[in-house]
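First the structure, in the form of structure tokens, and then the observations on it.
Protein chains: 4
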Amino acid sequence: MKTTSNTIEVGVIGASGYTGAELVRILSRHAGAKLRVLTADRNAGKPLQSIFPQFAGLELPSLVALDDAKLDALDAVFCCLPHGTTQTVVAGLPKSLKVVDLSADFRLKDTGVYAQWYGHKHQAPALQGEAVYGLTEFARGPIAKSRIVANPGCYPTAALLPLVPLLEDGKISGTDIIIDAKSGVTGAGRTAKEGTMFAEIAGGIHAYGVAAHRHAPEIDQELSGAAGHAVTVTFTPHLVPMNRGILATIYVRLADGATAGDLQTCLASRFDDEPFVKVLANGATPATRYVRGSNQCHIGVFADRIEGRAIVISAIDNLVKGASGQAVQNMNLMFGLNESMGLEQEPLFP
Amino acid sequence: MKTTSNTIEVGVIGASGYTGAELVRILSRHAGAKLRVLTADRNAGKPLQSIFPQFAGLELPSLVALDDAKLDALDAVFCCLPHGTTQTVVAGLPKSLKVVDLSADFRLKDTGVYAQWYGHKHQAPALQGEAVYGLTEFARGPIAKSRIVANPGCYPTAALLPLVPLLEDGKISGTDIIIDAKSGVTGAGRTAKEGTMFAEIAGGIHAYGVAAHRHAPEIDQELSGAAGHAVTVTFTPHLVPMNRGILATIYVRLADGATAGDLQTCLASRFDDEPFVKVLANGATPATRYVRGSNQCHIGVFADRIEGRAIVISAIDNLVKGASGQAVQNMNLMFGLNESMGLEQEPLFP
Amino acid sequence: MKTTSNTIEVGVIGASGYTGAELVRILSRHAGAKLRVLTADRNAGKPLQSIFPQFAGLELPSLVALDDAKLDALDAVFCCLPHGTTQTVVAGLPKSLKVVDLSADFRLKDTGVYAQWYGHKHQAPALQGEAVYGLTEFARGPIAKSRIVANPGCYPTAALLPLVPLLEDGKISGTDIIIDAKSGVTGAGRTAKEGTMFAEIAGGIHAYGVAAHRHAPEIDQELSGAAGHAVTVTFTPHLVPMNRGILATIYVRLADGATAGDLQTCLASRFDDEPFVKVLANGATPATRYVRGSNQCHIGVFADRIEGRAIVISAIDNLVKGASGQAVQNMNLMFGLNESMGLEQEPLFP
Amino acid sequence: MKTTSNTIEVGVIGASGYTGAELVRILSRHAGAKLRVLTADRNAGKPLQSIFPQFAGLELPSLVALDDAKLDALDAVFCCLPHGTTQTVVAGLPKSLKVVDLSADFRLKDTGVYAQWYGHKHQAPALQGEAVYGLTEFARGPIAKSRIVANPGCYPTAALLPLVPLLEDGKISGTDIIIDAKSGVTGAGRTAKEGTMFAEIAGGIHAYGVAAHRHAPEIDQELSGAAGHAVTVTFTPHLVPMNRGILATIYVRLADGATAGDLQTCLASRFDDEPFVKVLANGATPATRYVRGSNQCHIGVFADRIEGRAIVISAIDNLVKGASGQAVQNMNLMFGLNESMGLEQEPLFP
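Chains as they are written, first to last, in the working numbering: chain V, 1 to 350; chain Z, 1001 to 1350; chain W, 2001 to 2350; chain D, 3001 to 3350.
Okay, here's the thing in structure tokens:
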């Protein structure tokens, strides 16, 4: 690791996708980090600005192929590669680098579960053990000491932030947790497909991957840890005609004797000092537009019409708290920086 | 009732809102009905085309105030007035008219429940008893004989179409029915409010009326009838940045021994001959865009990850099957016409 | 040509794109035509409904490869293939078929101009001469007698409808005609590309093909014919975050002595009896939403702030009057049917 | 003026609209200014967060009525009131305050022109003379010395940034300048009106105020100054289904001997050192999405198909460079701060 400067030197592997661009947006204004390397194999040699003209005013390193990237001099890299391709890349990185991986490759602790959901054997099971699941608010200690952070998925982040404390505190049952989630289209990445074309998405909504989305086992894993027993969730993602945002509407069964008010109290207390999680006053409903472009998570709690049940709603920006923002939050922790550094921007609304 | 012609002469009371305009769109091409009267108190004297230029090519009666409208010569009227204001209007209509009321005023059988949810005593309790709840597919006999049809709400239509047969056939439990619904913005009507301005809606999603929406008791009422016992649902509506469409993602508990496949079979069998309800092949997911502008309802059934549970998804256009299309479907039945008359258009996609 | 029935039997070559789907939508309700053949090479063997679920309720022929399609029994085909690939296909069709070609392949009379803009020599110059440029309102006689109609481009349709009468009547100058056009995203077709992904389009607007779009020479050609001398236009297309619609804002220089009022009178008079072209009353502004899903063109005329100039605005649905609707309008003419048959639907707003 | 601290203490008059919210977003992270007063007469007593939940994480002064606001202790105020109401308010402010007015009230130098376009006599003609038209890049000296800055309109900002240098340098003619502008919906403000409801805007585009928009005389005034003779422009604004952004497509006549390349050179040279204006490389087209949320202006230059003409395109965010961002840029100048302070954020894309 570089030690002669106070500024962390970082690289982004896979900089031509949306999470890569979002890292550039955040890190270009980060007081403690400097972007040194941007890789993009198919666009090697081009300036990033030719792909993302929003950076026209920035001075940035040109895109290089990963094989040509000089990584040794860096302190940290962010991996923004597709699921399945990251394991071997991370295995091949200099051990001096700290790594925040935004893919799903190191999130599942059980390599059998990984194989089942991703369709192939894990290529770096040893590193799997080393990686820390980086939902920042719940793992500050391990993250600070880790070399590899598996940055959580966007849906899991939105679901786990309210559910983990409620399960840990025994306020809700671990059975029949139903997560109805709605995502903006950037969650599908930047690879052109018919299904994410404008004319296929605008003016409509649909569910996809019903009871079969790869974020389900990730949510199960973390909730099981919080509950102390195996938890299986119902999880239905939907695609909404918006660029950014995840809204998770979560239906839970209250623990015996608990009320929706208890849930509100539990969460408000848990997140009281958190810079990025805000439990809204009773009755206020989270909306993705009010966290857009920020690392914030808004949470609301509601009594249900059915006795013994409650509804918890959370909202994040999938590209920020659900990906690149949380990745920087983790990097800050890993290097002993102020956790909020680079993440202070207010949401962009309207 | 007029008897000298084969064409039904109809009026639209409250023609300057979205459901009124949708009735004009449908009825202007209806082979068995003729638009004779359009009322709009604040816009009396204007051509409808000055409000809705999409009708520039049509010859239509000018807007008149309700008090000035000649209704005696008509066969039927559609009431598109706000909730709460319709009871006295309908009570004052000539008894020779058949009435399809698109407001909520005659939907709830229990006037106590009405008072609880709408905040005032029902003004026409006698007519309340006369009105038939017009979810066409489940009430053809009564609708055909009725004088007043209470046209179902948009959310109830989307939820009841799949749930009623499943409860009637005992395939699902009446407890813990969770309806997570997503609506286009036209569902909020055409009155200008901050909350439905473009800049407040575009690029975001939020829930509203959580556990407190007025369509909940309407759904309860009809499901209770289907189940043979009192049913209380969880119902969470969301506002989606799209003009039209409702997607209802419904989480149900299977009856003992039942499977998701049984639900699929039950629904496919029940709706096999229906012109406007289509149960999709196993695994296909309904999307609002594929019913946009049509009177269609698409339904999909999915096994859940949690044993003993299933997910049922339905999609309609809130302004058509959820309002004006179903209203015309009901009018057709009330006058002995082919039920599909005027409703044959394919969805408009993209 | 089939002669034993009153119903025209038609095929759609290239049915899996947006203009193909739009033809299916229109023709499935056409009283004088029957869809017999749908081709789509990559999707041969599938039902069209697997690609376009909005047709779930229709009985349609399955998709076949073009080479396997039985075209001899048909009366007419619509060609919805990409530019450049259509010439040889049309050349190979049975001569008994009437053809409406929605590509650009037969629109430019001068094969040199074609080669210049499309980058290769025309493959069927003989047929080029036979084809009639099918802007219906201006070419009814030739269209009715033709075997091959080159269906106009969407931008040219929007621009030519108001400009041709004004030039023919000498109301405007042929110099300095500036066409600033705004299009919905379906105009770019259904091939997945980064540039038409939802997240790249939503919430923004940009110009493209500035002074270099292939529809410019098509507009030049037809305006030159109307003016009686060579006309070169300024033409700037823009991509708007909407699915359908073209708005052409056209800046013209008035002929000596002419006023904006004269333009209004000229156009109102010219289109007075037209079923699909509506010149709006003075001061009313066309909007694409009011023609969405219909074959209508709305036109508005405005005096400019600069003396001697005027502004003319036209709005169409690019997939209907700008493509498939006009194609059916032309087919109707070619077979002596009522020109409006199948095209009577009102616009879908909101 | 306060002098005992290095931090400017500022107020926002009219904080419950979009430009007010945008000022809060920017100023809450401004290193040299502190928000002390927020006024909103109708919402006095509420926290701003109840109106704009995106600020849930900020500590802000509560809203007060203007009459109750303690303005004497401030250094500066931003006026975000509607046009016509601002003159008397500004006239009544303590003379110790510096004022950036975001309304149109002080932009037109000729009070006769003001009366003609705004329909009433100017209420503070003396202050009119004192106010400096604050298009920052062209008026740094006067702005730095001024007490009242009339912040330019959003359309004028987009049009003037490229046109003023071209006229000053004699590269284009002052006649026949045609500005076809496209705006996001926030430009219409936050007052609920039918015309800006989601369902009226989504999926469509239209022109408005054709040849009659109040920003036209403002553009004329500044271009006349740049040209040295009276200039009258053609100006057509359009409403685009997006929240933010203005794209101005400008059609100009080249001066004798000038080429489009000369225009490119002129602008690139003029803006070379500007932090917020970027002239794109030849052939690149500006897009509003690439400046969204930032104070940037992107400009592109293109040769036209018609000889002797060129096309210039500019893109800004109407709420930032077109309103609140430029207002802060001006405040920075007025107080001798670094002009970019608080405005360093990169655009938010996607």
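All residues carry an ideal CB built from backbone N, CA and C; glycine is no exception. Every value quoted in this text rests on a predicted model; they were computed, and no experiment measured them.
According to DSSP, simplified to helix, strand and coil, what is residue i?
i: Thr-1234/Z; result: strand
i: His-1215/Z; result: helix
i: Gly-3020/D; result: helix
i: Ser-2224/W; result: helix
i: Lys-3278/D; result: strand
i: Leu-3333/D; result: helix
i: Ile-3143/D; result: helix
i: Ser-3183/D; result: strand
i: Leu-352/V; result: Nothing about residue 352/V can be reported from this structure: the residues present for chain V run from 1 to 350 only.
i: Ile-2246/W; result: strand
i: Gln-3296/D; result: coil
Taking the DSSP output, what are the residues bridged to residue i?
i: Ile-2311/W; result: Tyr-2251/W and Phe-2302/W
i: Leu-148/V; result: Just to set this straight, residue 148/V is Ile in the shown sequence, not Leu. In DSSP, Ile-148/V forms a bridge with Val-99/V.
i: Cys-2266/W; result: Partner(s): none; Cys-2266/W has no beta bridge.
i: Gly-1011/Z; result: Val-1037/Z and Val-1077/Z
i: Leu-2063/W; result: Leu-2038/W
i: Tyr-2133/W; result: Ala-2150/W
i: Met-2197/W; result: Met-197/V
i: Ala-3287/D; result: His-2206/W
i: Leu-1239/Z; result: Ser-1183/Z and His-1206/Z
i: Ile-3316/D; result: Ile-3246/D and Cys-3297/D
For residue i, does the count of other Cβ atoms within 10 angstroms reach 16, so buried, or fall short, so exposed?
i: Gln-2329/W; result: buried
i: Glu-307/V; result: exposed
i: Thr-3007/D; result: exposed
i: Arg-42/V; result: exposed
i: Ala-1338/Z; result: First, the residue type needs correcting, since residue 1338/Z is Asn and not Ala in the sequence shown. Label assigned to Asn-1338/Z: exposed.
i: Thr-1086/Z; result: buried
i: Pro-1162/Z; result: buried
i: His-1298/Z; result: buried
i: Lys-3145/D; result: exposed
i: Glu-3165/D; result: Before going further, note that residue 3165/D is Pro rather than Glu in the sequence given. Answer is buried; the Cβ neighbour count reaches 16.
i: Ser-2269/W; result: exposed
i: Thr-2236/W; result: buried
Do residue j and residue i count as a contact pair if the criterion is CB distance below 9 angstroms?
i: Ala-362/V; j: Arg-2025/W; result: Lying outside 1 to 350, the shown extent of chain V, residue 362/V is not represented and no answer is given.
i: Phe-302/V; j: Val-1233/Z; result: no
i: Glu-1022/Z; j: Leu-1319/Z; result: yes
i: Thr-3136/D; j: Gln-3345/D; result: no
i: Leu-3333/D; j: Ile-3143/D; result: yes
i: Ala-1310/Z; j: His-206/V; result: no
i: Met-1341/Z; j: Ala-1044/Z; result: no
i: His-238/V; j: Leu-1239/Z; result: no
i: His-215/V; j: Cys-154/V; result: yes
Cβ contact check for the region 115 to 135 of chain V and the region 272 to 279 of chain V: 3 or more pairs under 8 angstroms | no
Sufficient close CB pairs (3 or more, under 8 angstroms) joining the region 2093 to 2105 of chain W to the region 2150 to 2165 of chain W | yes
Three or more C-beta pairs below 8 angstroms linking the region 1281 to 1296 of chain Z and the region 2054 to 2063 of chain W = yes
Examine the Cβ distances between the region 1168 to 1177 of chain Z and the region 3173 to 3182 of chain D and report whether three or more of them are shorter than 8 angstroms.
-> no
For the region 1065 to 1084 of chain Z against the region 1011 to 1022 of chain Z, are there 3 or more C-beta pairs whose distance is under 8 angstroms?
-> yes
Validate contact between the region 1088 to 1100 of chain Z and the region 1069 to 1076 of chain Z using beta carbons, cut 8 angstroms, 3 pairs | yes
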